[in-house]
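Here is the structure we will look at.
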Amino acid sequence: MVFRFRRVSFVLSIMAMAGLMSHSLAQEGTRSVTTKGESAESYEEAEREALRRAVEEAGQVHIGSWSEVENAVLVHDVIKTRVDGLVRKHEVLKKEKGEGTYIVTIRAEVNPATLDAIWADVKHLMEQMGEPKIMLFCDGAKQMIGQPEPTPFQRFSPVVSAMQKVLKDCGFRVIEESRFKLAKEAGVEALHEDKLVELMKNKARDRGAQIYIDVWALAEGPTEKPGPQGLRLYEWQTTVTPKAIWSDSGEILAQPDLFQQEKNFSDPGESELIKLFEHTAKKVAVDLRNEVVAELGRIAIEGRFVNVNITSLAPNRRDAVEEKIKSIEDVKITDDQVLEESVSFEVKTKLLPRTLRKAIEALDCKGFKLVLHEARDNTMTFIVKEL
Numbered sequence: 001m002v003f004r005f006r007r008v009s010f011v012l013s014i015m016a017m018a019g020l021m022s023h024s025l026a027q028e029g030t031r032s033v034t035t036k037g038e039s040a041e042s043y044e045e046a047e048r049e050a051l052r053r054a055v056e057e058a059g060q061v062h063i064g065s066w067s068e069v070e071n072a073v074l075v076h077d078v079i080k081t082r083v084d085g086l087v088r089k090h091e092v093l094k095k096e097k098g099e100g101t102y103i104v105t106i107r108a109e110v111n112p113a114t115l116d117a118i119w120a121d122v123k124h125l126m127e128q129m130g131e132p133k134i135m136l137f138c139d140g141a142k143q144m145i146g147q148p149e150p151t152p153f154q155r156f157s158p159v160v161s162a163m164q165k166v167l168k169d170c171g172f173r174v175i176e177e178s179r180f181k182l183a184k185e186a187g188v189e190a191l192h193e194d195k196l197v198e199l200m201k202n203k204a205r206d207r208g209a210q211i212y213i214d215v216w217a218l219a220e221g222p223t224e225k226p227g228p229q230g231l232r233l234y235e236w237q238t239t240v241t242p243k244a245i246w247s248d249s250g251e252i253l254a255q256p257d258l259f260q261q262e263k264n265f266s267d268p269g270e271s272e273l274i275k276l277f278e279h280t281a282k283k284v285a286v287d288l289r290n291e292v293v294a295e296l297g298r299i300a301i302e303g304r305f306v307n308v309n310i311t312s313l314a315p316n317r318r319d320a321v322e323e324k325i326k327s328i329e330d331v332k333i334t335d336d337q338v339l340e341e342s343v344s345f346e347v348k349t350k351l352l353p354r355t356l357r358k359a360i361e362a363l364d365c366k367g368f369k370l371v372l373h374e375a376r377d378n379t380m381t382f383i384v385k386e387l
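Structure, rendered in structure tokens:
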């Protein structure tokens, strides 16, 4: 991760403001913020958005004075998700509804002092990610009435373009790969994702992506329906199913609910269908991005549980290995289970899968080393290699 110190005038001004405000903040411990949140979903989501904005506004003085990172947008979004613990209390001042929009005005007491600790944790997580790279395996297909199998969009996939934009705007670098192309090259069936999982994981890992996203999108139709005054209508239904997965372990990082949408058109052709497909894909991409960012924020602050299995480990080496694992920064053993020729540790860690694997393989064990044998879901299995 490359850190860039930008000593421009507006940052210096913000730093000066931070110095002037530090005394009052230290005395009060909180900052009162009045702000609005909007949502097309509900008052509850509008209130949540208002809380995120309150955190953002209260933290501007702090965040503006820190060094900026290349993926500053992603870091910023991760910090905003950490509403819990930052907002001490809040009250709803007003609820109103516009044209399809819920608006909530709140007054919140935000604790900026905790932002420094959160910033340090989030920065550490982003340093592990290096360049925040996502590999996107995605295609859109049509299941035409009367045809036995879906066929991919030949010109372009509207799903790919919509999802790329949302992820790039968040700060990720996105590498796109066709699901159909990968399946064809490997000689497997593109519609059976269980046969593609290992291929996608390996491809993403080889390209240096920490996360890969597996998306299957389908448009079904057109179904003819009678319309008003004898008009013929043609109904298309779009379905998009995404999953974000750690490339190193295959563990699902985020999986929004299945999103379906249907609409009637007077023209059975593709032009209007593509617009509907793009709208569906954008909605799913936003949900997926929000889940990924929230999960990254949770890992950065709270950590996650991982099972570390070591096979063929002699009894006289177990204590030494346990002490070595305990010595890894940001790794805490919470439970262990000893079997005849192996040991399993449950650890809580703020390290990402790739970082944890490298840390364990780099342990200086006398006469042997631990080498990753398999990583699946939240379990890593290592074998002993004699030196």
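One point on numbering: in the working numbering, the residue at position 368 of the sequence shown is 368, and numbering is uninterrupted.
Just so it is clear, CB atoms sit at the ideal spot from N, CA and C, and this is done for glycine as well.
- Which class does T355 belong to by DSSP, given the choice of helix, strand or coil? helix
- Item | At least 3 beta-carbon pairs within less than 8 Å: the segment 159 to 174 vs the segment 324 to 340 | no
- Of the residues R173, S42, Y234, T81, the one placed nearest E99, counting alpha carbons only: S42
- Whole-Å CB distance - V110 paired with R31, under 8 Å assumed: That belief holds up - the Cβ atoms of V110 and R31 are roughly 5 Å apart, short of 8 Å.
- Query: So, using beta-carbon positions, are G171 and L74 closer together than 8 Å?
  - Reply: yes
- In the DSSP assignment, find the unbroken alpha helix (DSSP H) run with N202 in it and report its ends. 197 to 206
- Message: Assuming N316 is part of the beta strand (DSSP E), what are its boundary residues?
- Response: Note, N316: premise wrong, no beta strand (DSSP E); alpha helix (DSSP H) at 315 to 326.
- Buried or exposed: which applies to F137, given that a residue is buried once 16 or more other Cβ atoms fall within 10 Å of its Cβ? buried
- Query: Distance, Cα to Cα, L351 vs K225?
  - Reply: 54 Å
- Query: So, do the segment 235 to 244 and the segment 116 to 130 have three or more beta carbon pairs nearer to each other than 8 Å?
  - Reply: no
- First and last residue of the uninterrupted alpha helix (DSSP H) at A72: 72 to 81
- Message: Out of L167, T81, L218, S247, which one is the CA nearest neighbour of D206?
- Response: Answer by Cα proximity: S247.
- Own chain residues within Cβ distance below 6 Å of D330, not counting five before or after: T349, K350, L351
- Message: Quick check: what's the CA-CA separation for Q27 versus A117?
- Response: Bear in mind that the predicted position of Q27 carries a pLDDT of just 35, short of 50, making it unreliable; the figure below should be weighed with that in mind. Spanning the two alpha carbons is a distance of roughly 19 Å.
- Query: Using a Cβ-Cβ cut-off of 6 Å (strictly less than) and excluding sequence neighbours within five positions of K355, which residues of its own chain qualify?
  - Reply: Note that residue 355 is Thr in the sequence shown, not Lys. Q128.
- Message: Suppose you measure from the CA of A320 to the CA of C365; what does that come to, to the nearest Å?
- Response: Distance from the CA of A320 to the CA of C365, rounded to the nearest whole angstrom, comes to 8 Å.
- Query: Are the beta-carbon atoms belonging to F259 and P158 less than 8 Å from one another?
  - Reply: F259 is not a Cβ neighbour of P158, given a cutoff of 8 Å.
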